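One structure is given below, encoded as structure tokens.
Numbering (the working numbering), first residue to last: 26 to 136.
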């Protein structure tokens, strides 16, 4: 019984293998199937290279600036105002909020 099943599988595998190679079309005409040959203009090739370099430089710049935040090693709100701003705008002002949904109001501190 097992011999009959495996014999049938062997004959079908041979047919499928021969049928699968028939459509590949490798006739020694280069690297593309069915005789197709593509040419890329050097302008497009150089433009693609320039934009890919620009993309990778941008990715590395962003990784340097906030890579730890992306990796989850620190929170974006841990280090102040960001963008290198060390200005102390609004120093001495406080806001109070009475309840949820109410706009905070400015409370001026008296020194």
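We put the beta carbon where it would ideally sit given N, CA and C, even for glycine.
Note that the coordinates shown come from a computational prediction; the quantities given were computed from them, not determined experimentally.
Between residue 118 and residue 131, the gap from beta carbon to beta carbon is short of 8 Å. When beta bridges are read from the DSSP output, residue 133 appears opposite 118. Taken through DSSP and simplified to helix, strand or coil, residue 29 comes out as helix.
According to the DSSP assignment, residue 62 belongs to no alpha helix (DSSP H), since it is labelled neither H nor E. Here the alpha carbon of residue 68 sits roughly 18 Å from the alpha carbon of residue 62.
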